[in-house]
Amino acid sequence: MAIEESFLKSVFYGAIPEEMIFPYPEPGRDARESTQLMLESVREFARREIDPAAIDREGAISSAVMQGLKELGLFGATISTEYGGAGLDATSYARLIQEISGIDASVAVTLGAHLALGAKSIAMFGSEAQRKRYLPKLARGEWVAAFALTEPGAGSDAANIQTRAVRQANGLYHLDGHKIWITNGGFADVFTVFARTTALDARTKPKLTSFLIDREMGVRSGPNEPKLGIRGSSTTSVYFDGLEVPGDSVLGEPGKGFKVAMEVLNFGRLGLAAGCVGMARKLIELSVDRVQERRAFGRPIGEFGLVKDKVARMMAETWALESMVYLTTGLVDAKVPDWSLESAICKIFGSEMLWRLVNDALQIAAGIGYMGAYPYERMLRDSRINLIFEGTNEILRAFVALSGMQGPGRQLAEVSRAVREPIKGFGLLSDFAMQRARSAFGRERIHRAHGLLRREVVLFEEHVALFSKNVDKVLRKHGKDIAEMQYTQRRVADIASDLYALAACISRSTRAIERKGEEGARRELELTSAFANMVEKRLQANVAAFDGNDDELLKGLAGQAYLDGGYTFDVL
Amino acid sequence: MKILVPLKRTADPDNANKIKIAAGGAKIVTDGLEPKINPFDEYAVEAALRLTENAKTRVAGDKVTIVSFGPKEAATNIRTALAMGADDGLLFHADDEALDGDLVARALAKVVETQKPDLVILGKQAVDGDSNQVGQILAELLQWPSATFAMSIELAKDKKSVIVGREVDGGVVKLKLELPAVITVDLRIVAPKSVVNNVTPATHVYSDGARYAPLPMIIKAKTKPIAEAPIASLGLDATLKSKYHTFELPPARKAGKKVKDVAELVGLLKSEAKVL
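Just so you know, the sequences run in chain order V and F. Residues 208 to 779, numbered by the numbering used here, are exactly what the first sequence covers, in order. Residues 357 to 632, numbered by the numbering used here, are exactly what the second sequence covers, in order.
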């Protein structure tokens, strides 16, 4: 039963709206065929034109490659056909960006910023006039889009944005400010810019407004920033030096810029997670080749247990990530209203999994993994950004935990009000009582999973029940202070993440059995089973840590280090 | 002008090393190989598209029709050609093993009767059977002029004839064919300047190779028509003239040998390889 309009938010209540995740979403024949054709075009183009080592070395995507990407229609991939794009749905787009990420992360990031952030913000929030003005140009790649949110003093903390837009008597906005680390910043033609339209003093509640600012209005870019990875993508500062921009540059409603940023970033994160699938696949391919070819002590190193262990984990985790990314894009395409938590979790899980995976792949490759002539070190550098951009994983964990607990928290407040005002609160209480009654009787069940997945299903059901009890408990214990309890938030977010991944694997494996029979789906079942084993240990540890942990000890250690100004111990 | 391009679905030739032979050598097993358009047929599609467009946009009234004989799944390969830019497709369902070059040529002759193309452009051969027969037999059945292994095609301004370049030992032979005609193409037909239609500006340079379908065309191709019918609907005698007897894989290559120095190499080339 769904309590919220989101699968995961319902799980925070202990509910399992299985109709949202069963059957596992699959593209129809038409969509599958056209997506495959697109992938073929992209692969063929990449085979002939894209040299990731050159892109990394030169710190830029050559204009010939950019031109080719545009001619392929990639810059219009998600833009509606009405405006000359290919109108891809979330699933096809994710699959496409997955493929491109496996080829070259710089190209993927460049396209992602253009499509999933810049163009998406216009498609979602633009007026008809704005859509007509920008989208056809963006679809052809004649113009490139960028998304300008981050500032020196406002990264994850978007409410602290200092760029200001002041509406003047003549109807124009006066825009003043400075953004940093803007992808496509060096050459983008239109920027989705977030500026404060309220006074800068501390007493005024900040309100953001988003604007569409053309480069030709006077936008100035800084030089390309040297950076660890994705070196072929353009990352620059962007300056708005007292620009006078027309009143119709406002994107969406004035004062609703924060909502624009959050909703667009949901898409962006899902794309990043799909990109992680693509890089993971590529790394597994490299590793599997390597371990069969490289011999030590008279046999291929792939025969050694510790190598197998790494490859097996890569397989199981990639399977889980892929399952959750495409479950989520399925939710998006099925027009489920809220998948913000799911998308954030895909980004956290994907970026951290990829970081482990690239580390393991490099370790398997050993010496050559460290050398510049091989792709491992570049892929290691390229993958690192995923843990940072479009919301650091720390902030996203807080977002997942707090946003997920909001519903149950509100209910708790309503219960206490209901107790004070019994008659008025009666209706509310009955809902809540029902909820409590369900957990009193035991756990909510999954009915649509295949019987062969019994163990995984029980693990999931039991931990959903336990999870909602723990959510309830920490809310009662900490009340509003939960907003400050980052250790607890992390536990909540990590459990939510593992539960979502497990649910995705169960749903996808069930689909595989239905399609191919028990024997045909044996490998899918093994992957799910291996992943469930990994998850089980993490879940148990996280659950236990609600009651017994050393959070305070660790906080103390950190606090003391701040006071000491570093590590002051020495053996001398 | 109307061009008909026959297209065969073949197992991915880039992975030909994965091909297996069924027990007894009766047939080739291509399980697990991705089916693709026969590369030479893809070049034929590219040549046909270059002949009928002004750099990018289709010349009004011109048309490229794709035809294939094969399993139902071949519709996907026709769709690929439609996404490259062809206008429509015909698929005649047939089991690959119930076809030979002769039957395909006879079937094509029937299709030509109804489609009335000005030009049939085929790949010189399919990379699976390597028979290299269909274009030649088709020209004979139609009594049309033909040129094989084309490396260049120039369409006359009046669209009544083509000049076809054929690479031969020591140079290029150019043949003038009055339309309608049959042309089979070789790899070089997709070089940047191989196809001239006297509409596309001479300054336009095509990229080397068959084009890849851009995304909007892939979406558009979904709505382009593919007419499907059983091959029996063409009313042909289905008897095959050629039968494959047995297949065998080429012998596995022996492991190489590492030599210490040039002297040893020369010695081995004399004593073992006997090439010196």
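Backbone N, C-alpha and C fix where the C-beta goes; we use that ideal spot for every residue, glycine too. Because the structure is a prediction, the values reported are computed rather than measured.
Straight-line gap, residue i to residue j (C-alpha atoms, nearest Å)
| i | j | result |
| --- | --- | --- |
| residue 759 (chain V) | residue 601 (chain V) | 19 Å |
| residue 280 (chain V) | residue 593 (chain F) | 46 Å |
| residue 568 (chain F) | residue 623 (chain F) | 50 Å |
| residue 258 (chain V) | residue 590 (chain V) | 17 Å |
| residue 608 (chain V) | residue 535 (chain V) | 18 Å |
| residue 741 (chain V) | residue 560 (chain V) | 13 Å |
| residue 673 (chain V) | residue 221 (chain V) | 8 Å |
| residue 429 (chain F) | residue 575 (chain F) | 19 Å |
| residue 312 (chain V) | residue 524 (chain F) | 46 Å |
| residue 361 (chain V) | residue 466 (chain V) | 16 Å |
| residue 729 (chain V) | residue 397 (chain V) | 50 Å |
| residue 762 (chain V) | residue 773 (chain V) | 15 Å |
| residue 687 (chain V) | residue 619 (chain V) | 11 Å |
| residue 399 (chain V) | residue 322 (chain V) | 12 Å |
| residue 616 (chain V) | residue 316 (chain V) | 37 Å |
| residue 523 (chain V) | residue 503 (chain F) | 56 Å |
| residue 260 (chain V) | residue 585 (chain V) | 8 Å |
| residue 560 (chain F) | residue 274 (chain V) | 16 Å |
| residue 348 (chain V) | residue 771 (chain V) | 53 Å |
| residue 396 (chain F) | residue 542 (chain F) | 7 Å |
| residue 592 (chain V) | residue 662 (chain V) | 36 Å |
| residue 414 (chain F) | residue 408 (chain F) | 6 Å |
| residue 368 (chain F) | residue 569 (chain V) | 31 Å |
Under 9 Å by beta carbon: chain F residues contacting residue i
| i | result |
| --- | --- |
| residue 255 (chain V) | 563, 564, 565, 568 |
| residue 291 (chain V) | 572 |
Assigned exposure category for residue i - 16 Cβ within 10 Å defines buried
| i | result |
| --- | --- |
| residue 657 (chain V) | buried |
| residue 435 (chain F) | buried |
| residue 633 (chain V) | In this prediction, residue 633 (chain V) has a pLDDT of 49, which is less than 50 and means its spatial position is unreliable; what the coordinates show is noted afterwards. Exposed, because fewer than 16 other Cβ atoms sit within 10 Å of the Cβ of residue 633 (chain V). |
| residue 644 (chain V) | Because the pLDDT at residue 644 (chain V) is just 49, under 50, the model does not fix this residue reliably, and the point stays unresolved. |
| residue 553 (chain F) | buried |
| residue 206 (chain V) | For chain V, the structure presents residues 208 to 779; residue 206 (chain V) sits outside this window and is missing. |
| residue 445 (chain V) | buried |
| residue 452 (chain V) | buried |
| residue 578 (chain V) | exposed |
| residue 468 (chain F) | buried |
| residue 469 (chain V) | exposed |
| residue 776 (chain V) | exposed |
Contacts of residue i in chain B (Cβ-Cβ under 7 Å)
| i | result |
| --- | --- |
| residue 245 (chain V) | In the displayed structure, chain B is absent; the protein chains listed are V and F. |
One or two residues paired with residue i in a DSSP bridge
| i | result |
| --- | --- |
| residue 475 (chain F) | F:359, F:537 |
| residue 401 (chain V) | V:417 |
| residue 385 (chain F) | F:376 |
| residue 383 (chain V) | V:371 |
| residue 529 (chain F) | F:522 |
| residue 428 (chain V) | V:445 |
| residue 392 (chain F) | F:366 |
| residue 426 (chain F) | F:449 |
Contact set between residue i and chain F, taken where Cβ atoms lie within less than 7 Å
| i | result |
| --- | --- |
| residue 240 (chain V) | 432, 435 |
| residue 252 (chain V) | 568 |
| residue 317 (chain V) | Here the premise fails: no neighbours, minimum Cβ distance about 16 Å. |
| residue 308 (chain V) | The premise fails here: residue 308 (chain V) is roughly 17 Å from chain F at the closest Cβ pair, so nothing lies under 7 Å. |
Integer Cβ distance of residue i from residue j, believed to fall under 8 Å
| i | j | result |
| --- | --- | --- |
| residue 419 (chain V) | residue 458 (chain V) | 5 Å |
| residue 481 (chain V) | residue 532 (chain V) | 5 Å |
| residue 491 (chain F) | residue 475 (chain F) | Contact flag wrong, Cβ pair sits at about 12 Å. |
| residue 528 (chain V) | residue 215 (chain V) | So it is not a contact: roughly 16 Å between Cβ atoms. |
| residue 364 (chain F) | residue 458 (chain F) | About 15 Å; that fails the 8 Å criterion. |
| residue 358 (chain F) | residue 421 (chain F) | 7 Å |
| residue 226 (chain V) | residue 654 (chain V) | That pair is no contact at about 10 Å. |
| residue 537 (chain V) | residue 298 (chain V) | 6 Å |
| residue 366 (chain F) | residue 392 (chain F) | 6 Å |
Within chain V, partners of residue i - CB distance below 7 Å
| i | result |
| --- | --- |
| residue 578 (chain F) | 237, 241 |
| residue 439 (chain F) | 244 |
Residues that residue i contacts on chain F, provided the C-beta gap is smaller than 8 Å
| i | result |
| --- | --- |
| residue 279 (chain V) | 568, 570, 571 |
| residue 478 (chain V) | What residue 478 (chain V) touches in chain F: nothing, since even the nearest Cβ is about 16 Å away. |
| residue 819 (chain V) | Look at the range of chain V in this structure, 208 to 779, and you will see that residue 819 (chain V) is not part of it. |
| residue 294 (chain V) | 575 |
| residue 288 (chain V) | 572, 575 |
| residue 269 (chain V) | Residues of chain F passing the Cβ test: none, with the nearest at roughly 15 Å. |
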